[in-house]
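S.K.: Numbering (the working numbering), first residue to last: 142 to 628.
Could you have a look at this structure, given as structure tokens, before my questions?
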Amino acid sequence: MTIQHPPRVRIAPSPTGPLHIGTARTGLFNFLFAKKLAGTFVLRIEDTDLERSEIRFENDIIEYLRWLGITWDEGPVRQTERLDHYEHYLRKLLHEDKAYYCFCSPEKLEIARQEMVGRGVAPKYAGTCSTLTSADVALRHKEGARSVIRFRMPSTILQFHDMIRGDVSFDTSLFGDIVISKDLRTPLYNFAVVVDDYEMQISHVIRGEDHVSNTPKQIVLQRALGFSTPLYAHLPLILDTNRAKLSKRFNAVSISDYKKTGYLPEALFNFIALLGWHPSEVGTTVNISRHTEIFSRNELIHAFDIERVQKAGAIFDIEKLDWLNAHYIKVCDEERLLALLSDFAPQAWRADPAKFRAVVALMRERMKRLDEFTEYARFFFEPIAYEPGILIWKKSDHDATKEHLRLLVSLLESLETTSFATPALLEARVMPFAEARGRGDVLWPMRVALSGVEKSPGPFEIATILGKEETIQRITHAIKVLENLSH
RNA sequence: GGUCCCAUCGUCUAAUGGUUAGGACAGCGCUCUUUCAAGGCGUAAAUACGGGUUCGAUUCCCGUUGGGACCA
């Protein structure tokens, strides 16, 4: 397919909840599509549901879209600021008798619906009010009767082309006369979308698969209004591990949650882009190694092709996200990482900036998420407590361990402070002793004495950060602990 | 229930009529090693099923099964 003009695309989230991973994905694909083709990306806030829309959610959506690096060129445009436009087209449809007022009560409609479902028929409006004259309508309105506006659904087999799935067709007679607006100032979703997409000159509608059945309704509306029809692409859904639409009951679905647990935006961006899409191995100018899935923002933009997106839903696999995140933490700019960690490390840990920096440099290699830093790095900054038993290496015993630590302390005391400058330097000084007594016999208790945990970076890395004084103090303490244990 | 959509390793996917069905994550093994990670090397693992079309189907068509979405 060739695209002649730069496309105009949009995302249209409802501010009824924080930015959801699915909305972010739709936004991301629209963004990639627009950037690739030098098009325009519009952000539209669909806030016509006054009951559920909240400004804090709109702010959250905007904040986290930006955080992810999904930027738009126009907007945000709010539907509540466009009520005049909807009213204009509503009046036009009413005037042309393509829409009509319906006075049927919800109770009666519900009874009719139940009856049709009982017969195994697709429930649809019977058209009771479709024959009302304008005089009837005027009278009912004068009496104060409540009404909605329905669209006269034409009966046709409507076919449209989907950029991802190919041709899709629906029998519109199954829809019945749908409600398009509660009143002249309260348009419903399918109607408002049609007006907005037309007026904003949206050329490609890229949205979730949950909207496929709305598409024929919208196309019929476009035709009634004399609007052109954009091209459609319905993205497969992101699935939970139980293969159902991602739900907040089982997983974190808000982007803000991912930020809070320490995922980097570029990791999420990279990961989400690969959920349901993958660059072609050939035919692209981007250098895509066959052995990596780490792609920069620009690589993703250049390689993006909407027609290559998968048709089937994709399960959200957090393990892969973790792996990507670990990678991005490793290659993150140091100053930026230090700043990012401010949300995860107590202020007191920064009392000695050089020490904090050294700890970060060491721990960044083993973190999958930023929030792990809080736990992994704690022993560098706070008093440690541990089960005395873990000081003893599996192949050693209590007395030997105590003896090794005593000798180690005197060795360390004899060293110049400069020996603690780098792990390599310290290692050169201590290793001969460790070799003589058995590496594990010395290194294991040394490391545990310094860290208080069974799993940690190496003893020399820790000791050089702690410094000579603190190192000796912790080992001395460990010896005391062992002595108390034997009594 | 009706309508629509979908189906390659556990997961994300590559291969659009001809490949020993490739990669990534996770797993497992080895290596490194004082521990845990990381790294390096290696390994296991898939075309849902049944019919066609074709010299040849992961690939095209039909059906079955399974899954999902939407409408309620």
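In this text, a Cβ means the ideal position worked out from N, Cα and C, and glycines have one as well.
Given the structure is predicted, the values throughout are model-derived calculations rather than measurements.
Among the residues of its own chain, which have a CB less than 8 Å from the CB of H618, if the five just before and after it don't count?
M.R.: Sequence index remark: in the first sequence, residue 618 carries index 477 (1-based). Closer than 8 Å at the Cβ level, and outside the excluded window around H618, lie A590.
S.K.: State the Cα-Cα distance for the pair K323 and F301, rounded to the nearest angstrom.
M.R.: Residue numbering aside, residue 323 sits at position 182 when the first sequence is read from its first letter. Residue numbering aside, residue 301 sits at position 160 when the first sequence is read from its first letter. Taking the straight line joining both Cα atoms gives about 28 Å.
S.K.: In three-state DSSP terms, what is A619?
M.R.: As a working note, residue 619 is residue 478 in the first sequence. Reduced to three states, the DSSP call for A619 is helix.
S.K.: Name the DSSP bridge partner or partners of G349?
M.R.: Residue mapping note: residue 349 aligns to position 208 of the first sequence, counting from 1. In the DSSP output, where bridge partners are listed per residue, G349 has L376.
S.K.: For C270, name the three-state secondary structure that DSSP assigns.
M.R.: For the purposes of this step, residue 270 is taken as residue 129 along the first sequence, with counting starting at 1. Helix.
S.K.: Residue ranges of each alpha helix (DSSP H) run of no fewer than 4 residues wholly in the segment 543-575, ordered along the chain?
M.R.: Entirely contained in the segment 543-575, not one alpha helix (DSSP H) run reaches 4 residues.
S.K.: Return the Cβ separation of V594 and L532 in integer angstroms, given the expectation that the two are a contact with Cβ distance under 8 Å.
M.R.: For this step, residue 594 is matched to residue 453 along the first sequence. For this step, residue 532 is matched to residue 391 along the first sequence. The pair is not a contact, with the Cβ atoms about 11 Å apart (cut-off 8 Å).
S.K.: Using 8 Å as the threshold, is the C-beta distance between S597 and I606 below it?
M.R.: In the first sequence, counting from the first residue as 1, residue 597 sits at position 456. In the first sequence, counting from the first residue as 1, residue 606 sits at position 465. Contact flag unset, no.
S.K.: Skipping 5 residues on each side, what residues in its chain have a beta carbon closer than 7 Å to that of N428?
M.R.: Counting from 1 along the first sequence, the entry for residue 428 is found at position 287. Below a pLDDT of 50, predicted positions are generally treated as unreliable, and N428, at 49, falls in that range; the measurement from the model is reported next regardless. Counting only Cβ-Cβ distances below 7 Å, and skipping sequence neighbours, we find nothing.
S.K.: Distance check for A333 and C83, CA to CA, integer angstroms please.
M.R.: No answer is possible for residue 83: it lies beyond the span of the chain, which begins at 142 and ends at 628.
S.K.: Count the other C-beta atoms from every protein chain shown that fall within 10 angstroms of the C-beta of R260, then say buried if there are 16 or more, exposed otherwise.
M.R.: What you label residue 260 is simply residue 119 of the first sequence in a count that begins at 1. So R260 counts as exposed.
S.K.: Taking buried to mean at least 16 other C-beta atoms within 10 Å of its own C-beta, is S194 buried or exposed?
M.R.: Working through the first sequence from its first residue, we reach residue 194 at position 53. Buried is the call here.
S.K.: Exposed or buried, which one is D91 when buried takes at least 16 other CB atoms within 10 Å?
M.R.: Since the displayed the chain opens at 142 and closes at 628, residue 91 lies outside it and no answer follows.
S.K.: Identify which residue in T327, L556, A374, N411 has its Cα closest to the Cα of A444.
M.R.: Position 303 of the first sequence, counted from the first residue, corresponds to residue 444. When only C-alpha atoms are compared, the closest one is N411.
S.K.: For T426, count neighbouring C-beta atoms within 10 Å of its own C-beta (all shown protein chains included) and say buried if the count is 16 or more, exposed if not.
M.R.: For this step, residue 426 is matched to residue 285 along the first sequence. Interpretation of T426 is limited by its pLDDT of 43, a score under 50 that renders its predicted location unreliable; no figure is taken from the coordinates.
S.K.: Compare the Cα-Cα distances from T327 to each of N200, I525, D188 and report the closest residue.
M.R.: Position 186 of the first sequence, counted from the start, is the residue given in the question as residue 327. Per the Cα distances, D188.
S.K.: Run the CB neighbour count on H229, radius 10 Å, all protein chains shown included, and call it buried at 16 or more, exposed below.
M.R.: The count along the first sequence starts at 1 and reaches residue 229 at position 88. Exposed.
S.K.: Take H146 as the anchor and find which of P371, G158, A385, L366 has the nearest alpha-carbon.
M.R.: Here residue 146 corresponds to residue number 5 of the first sequence, with the count starting at 1. It is P371 whose Cα lies nearest to the Cα of H146.
S.K.: Return the chain-ordered list of same chain residues with a C-beta closer than 8 Å to the C-beta of L315, the five sequence neighbours on each side being excluded.
M.R.: Your numbering for residue 315 matches position 174 in the first sequence. Excluding sequence neighbours, L315 sits near A263, K265.
S.K.: Which residues does DSSP pair with V501 in a beta bridge?
M.R.: Numbered from 1 along the first sequence, position 360 holds the residue referred to as residue 501. Its beta-bridge partners do not exist; DSSP assigns none.
S.K.: Relative to the alpha-carbon of I396, which residue among G163, K239, R291 has its alpha-carbon at the smallest distance?
M.R.: Position 255 of the first sequence, counted from the start, is the residue given in the question as residue 396. For I396, the nearest C-alpha among the options comes from G163.
S.K.: Cβ of R293 within 8 Å of Cβ of K249?
M.R.: Working through the first sequence from its first residue, we reach residue 293 at position 152. Working through the first sequence from its first residue, we reach residue 249 at position 108. Cβ atoms of R293 and K249: not closer than 8 Å.
S.K.: Counting Cβ pairs, one atom from each stretch, are 3 or more of them under 8 Å apart for the segment 573-584 and the segment 517-532?
M.R.: Short answer: they don't touch.
S.K.: I'd like the list of long-range same chain contacts for R570, defined as Cβ closer than 7 Å, with 5 residues on each side in sequence excluded.
M.R.: Here residue 570 is taken as the residue at index 429 of the first sequence, counted from 1. Cβ neighbours of R570 beyond the five flanking positions: L556, S560.
S.K.: Considering only the alpha carbon of each residue, which of P148, R166, G168, F198 lies closest to T181?
M.R.: Position 40 of the first sequence, counted from the first residue, corresponds to residue 181. Ranking the options by Cα distance to T181, first place goes to P148.
S.K.: My understanding is that P357 touches T313, with C-beta atoms under 8 Å, so please give their C-beta distance in whole angstroms.
M.R.: For the purposes of this step, residue 357 is taken as residue 216 along the first sequence, with counting starting at 1. For the purposes of this step, residue 313 is taken as residue 172 along the first sequence, with counting starting at 1. With 8 Å as the limit, P357 and T313 qualify as a contact, their Cβ atoms being about 6 Å apart.
S.K.: Tell me the DSSP secondary structure of T426 in three-state form.
M.R.: Residue 426 sits at position 285 when you count from the first residue of the first sequence. Low local confidence applies: a pLDDT of 43 at T426 is under 50, so the model's placement there is unreliable, with the coordinate-based value given in what follows. If DSSP states are grouped into helix, strand and coil, T426 belongs with coil.
S.K.: Under 8 Å, do L173 and L206 count as touching if we go by C-beta distance?
M.R.: One-based indexing of the first sequence puts residue 173 at position 32. One-based indexing of the first sequence puts residue 206 at position 65. No.
S.K.: Could you compute how far the alpha carbon of T515 sits from the alpha carbon of A486?
M.R.: As a first step, residue 515 must be located in the first sequence, where it is residue number 374. As a first step, residue 486 must be located in the first sequence, where it is residue number 345. Cα-Cα distance, rounded: 6 Å.
S.K.: What distance in whole Å lies between the Cβ atoms of H345 and V150, which are believed to be in contact at a cut-off of 8 Å?
M.R.: By one-based count along the first sequence, residue 150 stands at place 9. By one-based count along the first sequence, residue 345 stands at place 204. With a Cβ gap of about 5 Å, V150 and H345 count as contacting.
S.K.: Could you tell me whether the segment 371-389 touches the segment 337-352, where touching means 3 or more Cβ pairs closer than 8 Å?
M.R.: Contact between the segment 371-389 and the segment 337-352 is present, because at least three Cβ pairs lie under 8 Å.
S.K.: With DSSP as the reference, label K386 as helix, strand or coil.
M.R.: For this step, residue 386 is matched to residue 245 along the first sequence. Looking at K386 - three-state DSSP - the assignment turns out to be strand.
S.K.: Is it right to say Q220 is buried, meaning 16 or more other beta carbons lie within 10 angstroms of its own, or is it exposed?
M.R.: As a working mapping, residue 220 is identified with position 79 in the first sequence. Q220 is buried by the Cβ-count criterion.
S.K.: With 16 other CB atoms within 10 Å as the buried threshold, where does T433 fall?
M.R.: In the first sequence, the residue the question calls residue 433 occupies position 292. With fewer than 16 Cβ atoms within 10 Å of its Cβ, T433 is classed as exposed.
S.K.: Using 10 angstroms around the beta-carbon of A489, count the other beta-carbons present and answer buried if the total reaches 16, otherwise exposed.
M.R.: Residue mapping note: residue 489 aligns to position 348 of the first sequence, counting from 1. So A489 ends up on the exposed side.
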